[in-house]
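Participant: To start, I am sharing the structure in question, which I have written as structure tokens.
There are 2 protein chains.
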Amino acid sequence: MPRELVASTVFLLGRLGISAKMRAMEAFEQAGFSPYHYGVLALLGEGARETQATIADALRFDRSQLVGLLDTLEERGLVERRRDPNDRRRHLVSLTADGKRQLASLRKLVERVEDEVLAPLTEEQRETLHALLFELACRWDPRFAPVATGPLAPTA
Amino acid sequence: MPRELVASTVFLLGRLGISAKMRAMEAFEQAGFSPYHYGVLALLGEGARETQATIADALRFDRSQLVGLLDTLEERGLVERRRDPNDRRRHLVSLTADGKRQLASLRKLVERVEDEVLAPLTEEQRETLHALLFELACRWDPRFAPVATGPLAPTA
DNA sequence: TATTGTTATACTCTATAACTATA
DNA sequence: TATAGTTATAGAGTATAACAATA
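As you go down the protein sequences, you meet chains L and E in turn.
Residue numbering for the first sequence follows the working numbering, starting at 1 and increasing by one per position.
Residue numbering for the second sequence follows the working numbering, starting at 1 and increasing by one per position.
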């Protein structure tokens, strides 16, 4: 492995990122899901969404890709699509009770992957790594940044 | 963006890794190369290789994928393939003078990408991040680990 | 028969764009 | 005409396997 590649943080980030994603995909596959399914469930776990487009945009999925993901989740009774009576083009999407249970189960799976991947690091190192990655993520994608709330929150 | 995803270091690692790779690919594309070409040049910059297979294995490229990369680099006069007279199946691959110059030029490009991607971090933070990623990389892929040298180095 | 490099094939993913039904 | 959701199509990228030359 060339020294100059190993010396590059961006190279390490790329390699490890793809490796991490592949590990996660394998773990989810054994459970009959993909990380994309988990992403949708996790998002809906924080509240129902009024349109599918908001789900796709929040997770940066393609809207046509989301259709298949929701189809799978709906067939398994984990999410529900309800037409908006006021605008019959729209689908209100929400978790079912089974979906909430499945989400809880997948969280355990995520924890296991996390522990496995970060095994070489101490708890303190993990926190440091997370903080640094979070810093980068916020800069590159504003959706990562925590939303300001309270009296000083932007109102428009 | 769901809180539990943002809280996951593995998720951040995956997202940032793919994002970093895409940025690198775009930057290289404008120069008429890909990060894969750079990887080959960087490896050869540390010395010629006796077979193409050793190049592919070192970089974890598929051997058939490497053929096309070397074709491009050879057409541009950056690398040289010489048949091994003792084993005419083998190709000794090495950098040309032009290849060395091109490699030096691509290094500057890599530096720019690195600076751009890591812009939100201080120099100290960058070093910390690199150290943590390096730790993980070594654990996941022994080829990242520095080779032990000197009297205590493994001899078999 | 095994190995090196090469070429060809098939498959997955993704991105785009077309289509429907509603507004 | 524009939008939400869906479906269909095309392209890139990847992995696999077949192949020719040499050992």
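Note that CB positions come from ideal geometry on N, CA and C, so glycine has one too.
1) What is the rounded straight-line gap between the Cα of L:P142 and the Cα of E:A7?
2) May I have a chain-ordered list of the alpha helix (DSSP H) segments no shorter than 4 residues that lie completely inside the region 78-142 of chain L?
3) Could you check how far apart the C-beta atoms of L:P35 and L:A24 are, in whole angstroms? I think they sit under 8 Å.
4) Smallest Cα separation from E:R112: which of E:E26, E:R90 and E:H37?
5) Which value, in whole angstroms, describes the spacing of the CA atoms of E:A145 and E:C138?
6) Leaving aside the five residues before and after E:Y38 along the sequence, list all residues of the same chain whose C-beta is less than 6 Å from its C-beta, in chain order.
7) List the whole-angstrom C-beta distance separating E:V102 from E:L78, where the pair is believed to meet the contact cut-off of C-beta under 8 Å.
8) Going by DSSP in three states, E:R49 sits in which element: helix, strand or coil?
9) Run through DSSP, which three-state label would L:F144 get?
10) Using a Cβ-Cβ distance under 8 Å, would L:F134 count as near chain E?
11) Quick check: what's the CA-CA separation for E:M1 versus L:D62?
12) Could you tell me whether the Cβ atoms of E:E135 and E:L92 are closer together than 8 Å?
13) Looking only at its chain, what residues have a beta carbon closer than 8 Å to the beta carbon of L:E74, apart from the 5 residues adjacent to it on each side?
14) Verify the CB distance criterion: does L:H37 have a CB-CB separation below 8 Å to chain E?
15) For a contact defined as C-beta to C-beta under 7 Å, what are the partners of E:Q125 on chain L?
16) Rounded to whole angstroms, what's the CA-CA distance from E:L44 to L:V10? Just pull it up for me.
17) Alpha carbon to alpha carbon, how far is E:R126 from E:R89?
18) With a threshold of 16 other CB atoms inside 10 Å of the CB of L:A48, please say whether the residue is buried or exposed.
19) When you compare the CB positions of L:G14 and E:G14, do they come within less than 8 Å of one another, or not?
20) So, under 8 Å CB-CB, L:L41 and L:Q52 are touching, yes? Tell me the CB distance rounded to an integer number of Å.
21) Since E:D71 is in the alpha helix (DSSP H), which residue starts that stretch and which ends it?
Facilitator: Put simply:
1) For this step, residue 142 of chain L is matched to residue 142 along the first sequence. For this step, residue 7 of chain E is matched to residue 7 along the second sequence. Near 15 Å, if we compare the C-alpha coordinates of E:A7 and L:P142.
2) Counting only runs of 4 or more, we get 97-117 and 123-140.
3) Reading the first sequence from its first residue, position 35 is the one you call residue 35 of chain L. Reading the first sequence from its first residue, position 24 is the one you call residue 24 of chain L. A Cβ-Cβ separation of about 5 Å places L:P35 in contact with L:A24 under the 8 Å criterion.
4) Numbered from its first residue, the second sequence carries residue 112 of chain E at position 112. It is E:E26.
5) For the purposes of this step, residue 145 of chain E is taken as residue 145 along the second sequence, with counting starting at 1. For the purposes of this step, residue 138 of chain E is taken as residue 138 along the second sequence, with counting starting at 1. Answer to the nearest angstrom: the Cα atoms are 5 Å apart.
6) Taking the first residue of the second sequence as position 1, residue 38 of chain E is located at position 38. The residues L106, in chain order, have a CB closer than 6 Å to that of E:Y38 in the same chain once the five nearest residues on each side in sequence are set aside.
7) The sequence position of residue 102 of chain E within the second sequence is 102, counting from 1. The sequence position of residue 78 of chain E within the second sequence is 78, counting from 1. Here the sequence assigns Gln to residue 102 of chain E, which means Val is not the residue at that position. With a Cβ gap of about 5 Å, E:Q102 and E:L78 count as contacting.
8) Taking the second sequence and counting its residues from 1, one reaches residue 49 of chain E at position 49. In this structure, E:R49 counts as strand in the three-state DSSP scheme.
9) Translated into positions along the first sequence, residue 144 of chain L becomes position 144. Of the three classes helix, strand and coil, the one that applies to L:F144 here is helix, per DSSP.
10) Taking the first residue of the first sequence as 1, we reach residue 134 of chain L at position 134. At least one chain E Cβ lies under 8 Å of L:F134.
11) Here residue 1 of chain E corresponds to residue number 1 of the second sequence, with the count starting at 1. Here residue 62 of chain L corresponds to residue number 62 of the first sequence, with the count starting at 1. For E:M1 and L:D62, the distance between alpha carbons rounds to 15 Å.
12) Taking the first residue of the second sequence as position 1, residue 135 of chain E is located at position 135. Taking the first residue of the second sequence as position 1, residue 92 of chain E is located at position 92. Result no, Cβ atoms of E:E135 and E:L92 do not sit closer than 8 Å.
13) As a first step, residue 74 of chain L must be located in the first sequence, where it is residue number 74. Hits under 8 Å: E80 and R81.
14) In the first sequence, the residue the question calls residue 37 of chain L occupies position 37. With 8 Å as the cut-off, L:H37 does not count as an interface residue toward chain E.
15) Numbered from its first residue, the second sequence carries residue 125 of chain E at position 125. Here the neighbours are L132.
16) As a first step, residue 44 of chain E is located in the second sequence; it is residue number 44 there, counting from the start. As a first step, residue 10 of chain L is located in the first sequence; it is residue number 10 there, counting from the start. For E:L44 and L:V10, the distance between alpha carbons rounds to 20 Å.
17) In the second sequence, residue 126 of chain E corresponds to position 126, counting from 1. In the second sequence, residue 89 of chain E corresponds to position 89, counting from 1. E:R126 and E:R89: Cα-Cα distance of roughly 45 Å.
18) The residue given as residue 48 of chain L occupies position 48 in the first sequence. So L:A48 counts as exposed.
19) Translated into the one-based positions of the first sequence, residue 14 of chain L becomes position 14. Translated into the one-based positions of the second sequence, residue 14 of chain E becomes position 14. No, these two residues do not count as a Cβ contact at 8 Å.
20) Along the first sequence, one-based indexing puts residue 41 of chain L at 41. Along the first sequence, one-based indexing puts residue 52 of chain L at 52. So it is not a contact: roughly 14 Å between Cβ atoms.
21) Residue mapping note: residue 71 of chain E aligns to position 71 of the second sequence, counting from 1. Bounds of the alpha helix (DSSP H) holding E:D71 are R63 to E75.
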